[in-house]
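Take a look at the structure set out below.
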Amino acid sequence: MTNRRKFISSVFAAYLAADRELLAETSSHTPNFVLLLADDLGYGDLSCYGSTEIHTPNLDRMAEEGAKLEEFYAFPTCTPSRAALLTGRYPLRSGLTRVLAPKEHFGISDYEITLGQALESCGYATACIGKWHLGDMLRYGPNRHGFEYFYGLHYSNDMTLRVVDWPPIRLYRNEEIIESPAHQDTLTQRYTQQAIEFIDRNKAKPFFLYLPYTMPHVPLAASAKFRGKSSYGLYGDAVDEIDWSVGQILTALKARGLDQNTLTVFTSDNGPAIRTEFVKRAGSAGPFRGGKGTTWEGGTRVPCIARWPGHIPANLKLKGIASLMDLFPTCVEIAGGTLPPDRVIDGKSLVDFMEGKAPSPEHEFFYYSGRRLFAVRAGNWKVHFIRRKRGPKGHLSTPVYCHPPELYNLEKDPGERDNVAADHPDLIERLSRIALNFQASMDPGKLPPPFWRTFLP
Amino acid sequence: MRITWLILAAALGGSCLWAAPTDAPLPNVLLISIDTLRADHLSCYGYARRTSPYIDGLAQEGTRFSRAYTVIPLTGPAHLSLFTSRYPQENGVRRNGVALPDNRAIVTLPQILRGHGYQTGAFVSSWPLLGRLTHLNRYFDSYDEHLTRTYQLFNSSRYAEDVTPRALKWLHKHANKKKPFFLWVHYFDPHEPYLFRAGFDPADVDKAHPYQPPKDDGMRERMRNYDSEIYYTDHSIGKLLAALDAMHIKDSTMVVLVADHGESLGQHGYVGHGRHLFEGIIHIPFIVRYPGHVKAGQVIDTPVSIIDVTPTIVDLTVKNVEAAKEKVPVVFSGRSLASSLKDGGQPTDRRIYYVTFPGKKGYAPQWLSWMWVQNEELPSHFGRIDDFSKAIWDPGNKKLSLYDLRSDPHELHARILTASNSTYEADTSALKKWFSRTETRATEQKLSPHDEEVLKSLGYVQ
Numbered sequence: 001m002t003n004r005r006k007f008i009s010s011v012f013a014a015y016l017a018a019d020r021e022l023l024a025e026t027s028s029h030t031p032n033f034v035l036l037l038a039d040d041l042g043y044g045d046l047s048c049y050g051s052t053e054i055h056t057p058n059l060d061r062m063a064e065e066g067a068k069l070e071e072f073y074a075f076p077t078c079t080p081s082r083a084a085l086l087t088g089r090y091p092l093r094s095g096l097t098r099v100l101a102p103k104e105h106f107g108i109s110d111y112e113i114t115l116g117q118a119l120e121s122c123g124y125a126t127a128c129i130g131k132w133h134l135g136d137m138l139r140y141g142p143n144r145h146g147f148e149y150f151y152g153l154h155y156s157n158d159m160t161l162r163v164v165d166w167p168p169i170r171l172y173r174n175e176e177i178i179e180s181p182a183h184q185d186t187l188t189q190r191y192t193q194q195a196i197e198f199i200d201r202n203k204a205k206p207f208f209l210y211l212p213y214t215m216p217h218v219p220l221a222a223s224a225k226f227r228g229k230s231s232y233g234l235y236g237d238a239v240d241e242i243d244w245s246v247g248q249i250l251t252a253l254k255a256r257g258l259d260q261n262t263l264t265v266f267t268s269d270n271g272p273a274i275r276t277e278f279v280k281r282a283g284s285a286g287p288f289r290g291g292k293g294t295t296w297e298g299g300t301r302v303p304c305i306a307r308w309p310g311h312i313p314a315n316l317k318l319k320g321i322a323s324l325m326d327l328f329p330t331c332v333e334i335a336g337g338t339l340p341p342d343r344v345i346d347g348k349s350l351v352d353f354m355e356g357k358a359p360s361p362e363h364e365f366f367y368y369s370g371r372r373l374f375a376v377r378a379g380n381w382k383v384h385f386i387r388r389k390r391g392p393k394g395h396l397s398t399p400v401y402c403h404p405p406e407l408y409n410l411e412k413d414p415g416e417r418d419n420v421a422a423d424h425p426d427l428i429e430r431l432s433r434i435a436l437n438f439q440a441s442m443d444p445g446k447l448p449p450p451f452w453r454t455f456l457p
Numbered sequence: 458m459r460i461t462w463l464i465l466a467a468a469l470g471g472s473c474l475w476a477a478p479t480d481a482p483l484p485n486v487l488l489i490s491i492d493t494l495r496a497d498h499l500s501c502y503g504y505a506r507r508t509s510p511y512i513d514g515l516a517q518e519g520t521r522f523s524r525a526y527t528v529i530p531l532t533g534p535a536h537l538s539l540f541t542s543r544y545p546q547e548n549g550v551r552r553n554g555v556a557l558p559d560n561r562a563i564v565t566l567p568q569i570l571r572g573h574g575y576q577t578g579a580f581v582s583s584w585p586l587l588g589r590l591t592h593l594n595r596y597f598d599s600y601d602e603h604l605t606r607t608y609q610l611f612n613s614s615r616y617a618e619d620v621t622p623r624a625l626k627w628l629h630k631h632a633n634k635k636k637p638f639f640l641w642v643h644y645f646d647p648h649e650p651y652l653f654r655a656g657f658d659p660a661d662v663d664k665a666h667p668y669q670p671p672k673d674d675g676m677r678e679r680m681r682n683y684d685s686e687i688y689y690t691d692h693s694i695g696k697l698l699a700a701l702d703a704m705h706i707k708d709s710t711m712v713v714l715v716a717d718h719g720e721s722l723g724q725h726g727y728v729g730h731g732r733h734l735f736e737g738i739i740h741i742p743f744i745v746r747y748p749g750h751v752k753a754g755q756v757i758d759t760p761v762s763i764i765d766v767t768p769t770i771v772d773l774t775v776k777n778v779e780a781a782k783e784k785v786p787v788v789f790s791g792r793s794l795a796s797s798l799k800d801g802g803q804p805t806d807r808r809i810y811y812v813t814f815p816g817k818k819g820y821a822p823q824w825l826s827w828m829w830v831q832n833e834e835l836p837s838h839f840g841r842i843d844d845f846s847k848a849i850w851d852p853g854n855k856k857l858s859l860y861d862l863r864s865d866p867h868e869l870h871a872r873i874l875t876a877s878n879s880t881y882e883a884d885t886s887a888l889k890k891w892f893s894r895t896e897t898r899a900t901e902q903k904l905s906p907h908d909e910e911v912l913k914s915l916g917y918v919q
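Protein chains in written order, with my numbering: chain F, 1 to 457; chain G, 458 to 919.
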């Protein structure tokens with residue numbers, strides 16, 4: 001061979017080698033996880049879940065390319081849901097039973113193993129981009145609980161009432177405040193950018209990207225590109241921007257050849273702040289009753305779209321009880337890890353369920369609100385033991401016991417309108433026993449002081 | 458010698474040395490203000506239910522003003538008007554959450570008394586009276602706002618059983634010392650939410666005035682719980698009064714009991730306070746007991762105002778209105794009722810004014826809720842009482858409502874004048890003059906929309 005040909009062929013050989021190396025890298029490691037969590041997004045707020053007001057093309061496409069879970073549960077409020085998601089356990093076990101306030105001396109305990117920590121021990125790079133809400137003090141922060149990179153807020157974007165001496169909303173990068181008050185209009189944009197940068201930094205190794213969006217939690221905000229563009233007010237604008245963000249992240253994964261090796265899940269932390277006679281363009285829980293903060297289906301059932309090309313079949317509609325807690329064992333199993341043996345993990349792996357190979361491994365769901373068990377679902381039956389009543393000014397009352405308990409058939413009556421307790425005393429008996437047995441087995445963690453204390457001057 | 462004394466005194470200004478100690482020792486002052494208490498739901502004001510045995514006892518031993526009125530049916534502004542003896546628009550305090558201005562011409566009762574050597578303590582029971590919001594804490598030696606309860610998520614408050622022990626502790630520490638004390642205790646219990654208190658079911662025992670429960674179920678339940686709260690609060694007041702007895706300071710303590718405003722319990726289709734100026738909302742209890750100085754068992758029927766409280770207390774105690782270190786003539790918009798209290802007899806008739814300011818509500822799309830978004834400078838309703846003639850003017854809707862309280866005590870038959878009536882201008886001009894005379898452009902503290910939202914949830918915004 002001539003020198004030139006040698007040169008060309010050696011370059012070509014090097015390229016082939018490198019290319020094989022590259023291909024080998026992207027498929028030789030365990031799948032990446034991208035967990036996208038919207039804040040206060042309702043069951044009926046995406047077009048693929050039936051919304052006629054809000055159009056979410058990227059999420060619709062994600063559902064077409066993957067699975068749409070129709071009976072996916074969260075808890076009624078932020079902190080307990082996020083604790084459930086990241087620990088795989090009922091919030092009562094980790095003690096994070098209520099929304100935490102700024103400057104509180106309470107948060108996620110060092111005893112808890114978060115999904116970030118579990119995956120880190122499997123060699124994953126981890127990042128939390130968005131709202132943490134498991135404790136404001138640095139010792140409770142994401143950097144010390146399994147996330148090597150943090151960019152976001154410590155709690156909800158409305159927790160800044162001067163009246164109770166709460167500081168302005170602060171944007172953190174790791175343990176440093178980089179913006180105070182945070183400019184909320186551009187948060188979704190910046191989260192998206194940060195997420196893609198994280199993916200770029202770690203595309204050669206397995207990564208876990210946890211992106212808990214700040215929107216559409218009040219106060220609503222959207223960047224200039226999206227403000228005023230939707231037909232559903234600021235709420236529509238904020239959801240549209242989230243949809244755009246999901247689209248950007250999926251495109252980024254495709255562009256970097258990570259698409260086939262990434263499980264992406266989009267869900268919400270609890271039900272929405274719902275429409276009332278005074279507030280028109282707010283969240284929707286679809287056909288379900290109640291909204292954020294309640295243990296009706298509207299407050300706890302959230303959209304969940306899972307996409308994993310090559311594993312999760314396209315256009316799969318999944319019925320069967322599943323919850324945020326199941327994501328922990330699911331990811332750990334896929335990553336090839338083992339669940340911590342020294343504690344109860346309430347979640348169960350959904351791998352076979354999402355791949356359409358088996359029904360859901362969960363048969364019951366316990367609707368905890370705070371430290372108390374308000375309701376139980378077993379199969380299609382749901383019993384309410386405790387509920388709140390809505391006063392004339394729209395405020396939720398303190399919880400009251402239901403005498404007698406209320407019973408609903410979620411298959412025939414998903415809107416929980418017909419209380420059929422009188423017709424099925426045996427079911428009430430059975431579900432009560434299920435509830436009692438579960439309660440007896442529950443091992444509560446250290447609980448926070450009452451919420452009202454955080455408002456004291 | 459005397460000249461030297463005068464020069465010395467003048468040089469020291471209005472310091473406490475000037476209040477010559479050769480006079481009789483100054484009495485202690487216990488001021489009790491009860492939130493949201495309608496006068497007509499106290500048994501000593503003629504209510505058929507036995508809601509207030511201890512307050513009744515206080516009235517029997519002192520003088521009761523049967524027709525006392527607040528100047529504004531909102532807690533913060535009413536209390537600030539009480540302590541300054543100025544109308545809300547003079548203080549620039551039209552809403553809850555607005556502090557007293559830093560205006561040397563506006564002087565408070567605790568300031569005056571403290572300047573004369575009083576130990577001053579305050580115990581408040583609800584959020585609108587927080588020192589941070591009112592700045593009242595600047596004028597008291599100790600300002601206890603340890604609020605341990607909340608309702609409707611944000612609103613901090615406390616019950617009578619929480620505040621009374623703390624007030625008693627202060628009392629035990631500061632009574633019978635060389636300096637007299639001024640203790641203010643504020644009770645919040647009759648305010649919403651009306652909680653029925655176990656053990657405090659006011660039975661209607663007054664057979665002479667059989668109790669007619671309201672026909673409306675909602676109103677009956679509301680009244681039952683509201684009355685229970687009054688009965689429960691009265692019990693705590695009884696503890697304060699008993700402590701005065703036990704410490705042998707009953708005769709050397711002036712007790713003044715008022716409310717900041719009343720409450721509408723469904724009359725005129727309205728529940729609450731703040732928006733309207735009907736009798737149930739602005740008619741407040743006002744009782745003064747000072748054994749040996751204020752006539753016992755006396756009832757004064759002349760209409761008086763909450764802004765008369767401070768001048769009266771000052772007149773019965775230090776008499777000298779020069780607040781120490783201030784050296785400004787103190788102007789009270791109210792008047793002293795001391796001579797009627799001491800010698801008996803009705804005070805001269807004087808026009809009573811009252812006012813209320815609206816919040817302007819707007820929809821805040823980013824909060825998905827209606828919020829109070831702006832301070833309104835002009836009142837939504839204001840009016841006056843002359844003897845039994847009552848007027849409420851709605852200047853925005855150009856509607857003047859006139860009532861004759863003698864023949865129509867429940868205000869069911871208003872004589873309404875609108876702009877088309879020939880006498881409308883003449884009848885409203887006096888009110889207009891009064892308002893513009895008393896209005897001030899004093900700097901107000903602006904609230905953030907967040908704070909306003911919290912205040913809205915307290916029900917202070919329509």
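We put the beta carbon where it would ideally sit given N, CA and C, even for glycine.
All values derive from a computational prediction rather than experimental measurement.
Nonlocal neighbours in the same chain, by C-beta distance under 6 Å from residue i, ignoring five residues either side
| i | result |
| --- | --- |
| A101 (chain F) | T454 |
| H178 (chain F) | It is Ile, not His, that sits at residue 178 (chain F) in the sequence shown. Same-chain partners within the cutoff: L171. |
| G445 (chain F) | R93, S94, G95 |
| A716 (chain G) | I491, L494, I741, P742 |
Buried or exposed by the 16-neighbour rule on C-beta atoms within 10 Å, applied to residue i
| i | result |
| --- | --- |
| A699 (chain G) | exposed |
| R390 (chain F) | exposed |
| Y820 (chain G) | exposed |
| K382 (chain F) | buried |
| H154 (chain F) | buried |
| P768 (chain G) | buried |
| D39 (chain F) | buried |
Neighbourhood of residue i by C-beta distance below 7 Å, restricted to the same chain and skipping five residues each side
| i | result |
| --- | --- |
| H29 (chain F) | K205, P206 |
| T875 (chain G) | K855, K856, Y881 |
| G379 (chain F) | H363 |
| E25 (chain F) | Because the pLDDT of E25 (chain F) is 40, which lies under 50, any placement of that residue in the model is unreliable, and the question is left without a value. |
| R307 (chain F) | M62, E65, G66, T264 |
Sequence-distant residues of its chain with Cβ nearer than 8 Å to residue i (five each side left out)
| i | result |
| --- | --- |
| I196 (chain F) | Q248, I249, A252 |
| R201 (chain F) | A125 |
| S790 (chain G) | S542, R543, Y544, E547, I764, T895 |
| D471 (chain F) | Past the edges of chain F, shown from 1 to 457, lies residue 471 (chain F), and the structure says nothing about it. |
| H867 (chain G) | Q724, E736 |
| Q803 (chain G) | I757, D758, T759, S797 |
Residues sharing a beta bridge with residue i, DSSP
| i | result |
| --- | --- |
| W641 (chain G) | G:L488, G:A579 |
| V728 (chain G) | G:L722 |
| P212 (chain F) | F:L37 |
Partners in chain F for residue i, counting only beta-carbon separations shorter than 8 Å
| i | result |
| --- | --- |
| S583 (chain G) | Those within 8 Å of S583 (chain G) in chain F number zero; the least Cβ separation is about 12 Å. |
Neighbouring residues, chain G, relative to residue i (Cβ below 8 Å)
| i | result |
| --- | --- |
| L221 (chain F) | A small correction: the amino acid at residue 221 (chain F) is Ala; Leu does not occupy that position in the sequence shown. Residues of chain G passing the Cβ test: Q823. |
Contacts that residue i makes with chain C (C-beta to C-beta distance below 7 Å)
| i | result |
| --- | --- |
| T532 (chain G) | In the structure shown, chain C does not exist; the protein chains are F and G. |
Where residue i meets chain G, residues with beta-carbon distance less than 9 Å
| i | result |
| --- | --- |
| G370 (chain F) | Near G370 (chain F) there are no residues of chain G at all, since even the closest Cβ is about 14 Å away, more than 9 Å. |
| L171 (chain F) | What L171 (chain F) touches in chain G: nothing, since even the nearest Cβ is about 18 Å away. |
Item to check | Unbroken stretches of the beta strand (DSSP E), 3 residues or longer, contained in the region 52-117 of chain F | outcome: As far as the region 52-117 of chain F is concerned, its whole beta strand (DSSP E) runs of at least 3 residues are 67-69.
Checklist entry - Which residue spans inside the region 261-317 of chain F form an unbroken alpha helix (DSSP H) run of at least 4? => result Taking only runs of at least 4 residues, the alpha helix (DSSP H) segments lying wholly in the region 261-317 of chain F are 297-300.
Checklist entry - Counting only runs that start and end within the region 356-404 of chain F, where is the alpha helix (DSSP H) found for 4 or more residues in a row? => result Within the region 356-404 of chain F, not a single complete alpha helix (DSSP H) segment reaches 4 residues in length.
Checklist entry - What runs of the beta strand (DSSP E), each 3 residues or longer, lie entirely inside the region 867-893 of chain G? => result Taking only runs of at least 3 residues, the beta strand (DSSP E) segments lying wholly in the region 867-893 of chain G are 872-875.
Checklist entry - Which ranges does the alpha helix (DSSP H) cover as unbroken runs of at least 4 residues, wholly within the region 159-212 of chain F, from first to last along the chain? => result Taking only runs of at least 4 residues, the alpha helix (DSSP H) segments lying wholly in the region 159-212 of chain F are 187-201.
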